[in-house]
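Step one of this worksheet: look at the structure below.
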Amino acid sequence: MRIILVGLGALGQGLLGHLGEQADSLLDAYGLRAKIVAALDTSGAVVQPAGLDPAVLLRTKRSRGGLAGLQPYFRPGRRALEIIHTVDADAVVEVTPTNILDGEPAMSHIRGALKARRHVVTANKGPIVLAMGYLTSLAEEMGAILRFSGTVGGGTPMLDLARHSLRGDRVVSIAGIVNGTTNYILTRMGEGLAFEEALEQAKKLGYAEANPAYDVEGTDAAIKLAILSNWAMGTRLRVTDVSARGIKEVTLADIERAQAQGKVIKLIARCDGKVASVQPELIPKTDPLNVPGPLNAVTYTTENVGPITLVGKGAGGRETAGALLRDLIDIHLRSK
Ligand SMILES: NC(=O)c1ccc[n+]([C@@H]2O[C@H](COP(=O)([O-])OP(=O)(O)OC[C@H]3O[C@@H](n4cnc5c(N)ncnc54)[C@H](OP(=O)(O)O)[C@@H]3O)[C@@H](O)[C@H]2O)c1
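Under the numbering used here, the first residue of the sequence shown carries the number 1, and numbering increases by one thereafter.
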C-alpha cells in the first residue's frame, strides 16, 4: 500500500514508528507492505515513489534541519493537495491540526484525496464532526474507503466497537468520559487539589494545552460526543446541538459533598439519540465510568446486550497512531 502522510507531528511520527518497528509482522500477519511515498509538514514535502524508510524519515523530521535534511527527496513549500494529485498512492493519512470552524486544511486534503479515489485515514476531528455524512458518501461514490477511528478515544477502539463488534444489535444510548484532561483535573481535585493547581499539573504532564479552554469548557468532549453518536446511533448532531458545560464551576466543596454520598463528579458526555449533553454529573463510585486520571471510558447501552463499557487511554501519539495503523490494515484487507 502506497501512502501519502500529511502531517508529521505526534501522530504522524507515531505512525512512522509503528510502520518501522512492525514492518515484518504487518507483512506476515496481513500481507501489508506499507510504503510511504510522500510525507509533508508545513515546510514542504519529501517524495520518493520507491518508498521512504520510516526510521530515516522519523530521524530527519526530528533533526534540527527537519525534512530539508532528506535530500534529494525534499521539495520545499510543496502543498498537500498538489502532492495528493501528482504522486501515485493508494491511501492518504491526514493528521494536521484540528480546526472545527471550517475543518481546514484537513477538509480540502480529505475531499481532494477521496475525489482522486484515494482511501483516507484520519484522526482529525474537524472534518469528521463537520461533514461525516458528506465525506462518507463521497468516499462511497468514489469507491474509496474513509476511516477515522482515532478521532475519539485515541487508540481505544470506541468507534470500532460500536460498529464492528455490535453487528445485529443497536446502540440506544451513549454515556462516556471522552476528555482525558478534564478527567485528570477532576481526579486530582478528588484528592484535595484546587482546580488551578490540578490544571497546572495537567499542563506539566502534557495532558493540557497551553490554552486549555477547549478541554475545560467541554468543547472537545462535545465534538467527540457528536462524532460518537453520529457514528454509533446514526444521529446528525452538530457540535452546537450538544449542550456543553465544562468543569470550571466545580468546586472542592461540591466534590467533598459528592464523596460524602459515595459518589464522584465526572464530566459526562451523554446522548440518548435525541438529547445530547456534556456536563459535570454525580455518578456512583461503583459506576464503570468512574475511571481515574486521564483515562477515557464509554458505556454503550444496546438493545440486545445492555450496557457495555470500554476503558482506555484517550490520547497520546503512539496510542492514537495505533488507531491509524488499525484503519490502514482494515482498508488493506477490504480492498484486497
Ligand atoms: N496527539 C493525540 O493524542 C491525538 C489524539 C486524537 C486525535 N488527534 C488529532 O490528530 C491530528 C494530529 O495530531 P498531532 O498531535 O499529531 O498534531 P501536531 O503534533 O500538532 O502535528 C500536526 C502536524 O501537521 C503539520 N501540518 C500543519 N499544517 C499542515 C499543512 N497545511 N500541510 C501539511 N502539514 C501540516 C505540522 O507541521 P510542522 O511539523 O511543520 O508544524 C505537524 O507536523 C490533530 O487533528 C489532532 O486533533 C491527536
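Beta carbons are placed, not taken as given, at the ideal position from N, Cα and C, and that holds for glycine. Here the structure is a predicted model, which is why all the values come from computation and not from measurement.
When you compare each of V92, P49, A55, A89 to P72 by their alpha carbons, which one comes out closest?
-> For the purposes of this step, residue 72 is identified with residue 72 of the sequence shown, where counting begins at 1. Checked all of V92, P49, A55, A89; the closest Cα to P72 is P49.
If you draw a straight line from the alpha carbon of G273 to that of G306, how long is it in whole angstroms?
-> Reading the sequence shown from its first residue, position 273 is the one you call residue 273. Reading the sequence shown from its first residue, position 306 is the one you call residue 306. Those two C-alpha atoms are separated by around 16 Å.
For K224, collect the residues of the same chain with a Cβ closer than 6 Å to its Cβ; drop the 5 residues on either side in sequence, then sort them by chain order.
-> In the sequence shown, counting from the first residue as 1, residue 224 sits at position 224. These residues qualify, in order along the chain: V152, V178.
If we count the other Cβ atoms within 10 Å of its Cβ and call it buried at 16 or more, is P97 buried or exposed?
-> As a position in the sequence shown, residue 97 is number 97, starting the count at 1. Exposed is the call here.
Which of helix, strand or coil does DSSP assign to Q261?
-> Numbered from 1 along the sequence shown, position 261 holds the residue referred to as residue 261. Three-state DSSP puts Q261 in coil, outside helix and strand.
Starting from the C-beta of K266, find all residues in its chain whose C-beta is less than 8 Å away, skip the five residues before and the five after it, and write them out in chain order.
-> Residue 266 sits at position 266 when you count from the first residue of the sequence shown. Closer than 8 Å at Cβ, skipping near neighbours: I177, N183, L186, P280, E281, I283, L289, N290.
Flag this pair as yes or no: are the beta carbons of T181 and P157 separated by less than 8 Å?
-> By one-based count along the sequence shown, residue 181 stands at place 181. By one-based count along the sequence shown, residue 157 stands at place 157. Their beta carbons are not under 8 Å apart, which means T181 does not touch P157 by this criterion.
By the 10 Å Cβ neighbour count, where 16 or more other Cβ atoms means buried, how is Y207 classified, buried or exposed?
-> If you number the sequence shown from 1, residue 207 lands on position 207. Classification for Y207: buried.
Can you name, in chain order, every residue of its own chain whose Cβ lies under 7 Å from the Cβ of Q13, other than the five neighbours on each side?
-> For this step, residue 13 is matched to residue 13 along the sequence shown. Result list for Q13: L58, K61, G317, in chain order.
Is it true that the region 113-127 meets the region 185-205, where meeting means three or more beta-carbon pairs spaced less than 8 Å apart?
-> no
Just the Cα atoms here: how many angstroms apart are L295 and I247?
-> Stepping through the sequence shown from its first residue, residue 295 is reached at position 295. Stepping through the sequence shown from its first residue, residue 247 is reached at position 247. So the two alpha carbons sit approximately 16 Å from each other.
Rounded to whole angstroms, what's the CA-CA distance from R147 to T235? Just pull it up for me.
-> Counted from its first residue, the sequence shown places residue 147 at position 147. Counted from its first residue, the sequence shown places residue 235 at position 235. So the alpha carbons of these two residues sit roughly 18 Å apart.
For V178, verify whether its CB is less than 7 Å away from any heavy atom of ligand 3.
-> As for ligand 3, it is missing from this structure, which binds only ligand 1.
Taking the Cβ atom as the reference point for each residue, do L114 and A144 lie within a distance shorter than 8 Å?
-> Locating residue 114 in the sequence shown gives position 114, counting from the first residue. Locating residue 144 in the sequence shown gives position 144, counting from the first residue. Result yes, Cβ atoms of L114 and A144 sit closer than 8 Å.
Element boundaries [beta strand (DSSP E), containing I4] = Here residue 4 corresponds to residue number 4 of the sequence shown, with the count starting at 1. Its beta strand (DSSP E) spans residues 2-6.
Give the single residue among L27, L32, L19, A39 whose Cα lies nearest to the Cα of L8.
-> Indexing the sequence shown from 1 puts residue 8 at position 8. Ranking L27, L32, L19, A39 by Cα distance to L8 puts A39 first.
Would you mind stating whether G51 and A321 have Cβ atoms separated by less than 8 Å?
-> For this step, residue 51 is matched to residue 51 along the sequence shown. For this step, residue 321 is matched to residue 321 along the sequence shown. Not closer than 8 Å, so no.
For S149 and P105, the rounded distance between their alpha carbons | On the sequence shown, position 105 is the one that residue 105 refers to. On the sequence shown, position 149 is the one that residue 149 refers to. Going from the Cα of P105 to the Cα of S149 covers about 20 Å.
CB of V6 to nearest heavy atom of ligand 1: below 7 Å?
-> Numbered from its first residue, the sequence shown carries residue 6 at position 6. It does: the Cβ of V6 is within 7 Å (strictly closer) of some heavy atom of ligand 1.
Heavy atom of ligand 1 within 7 Å of A221 beta-carbon | Within the sequence shown, the letter at position 221 stands for residue 221. No - ligand 1 has no heavy atom lying nearer than 7 Å to the Cβ of A221.
Mind checking P76: buried by the 16 CB within 10 Å criterion, or exposed?
-> As a working mapping, residue 76 is identified with position 76 in the sequence shown. P76 comes out exposed.
C-alpha gap between D90 and L205, whole angstroms = Along the sequence shown, one-based indexing puts residue 90 at 90. Along the sequence shown, one-based indexing puts residue 205 at 205. The straight-line gap from Cα to Cα measures roughly 37 Å.
Output the boundary residues of the beta strand (DSSP E) element that contains D41.
-> As a first step, residue 41 is located in the sequence shown; it is residue number 41 there, counting from the start. Start and end: 35-41.
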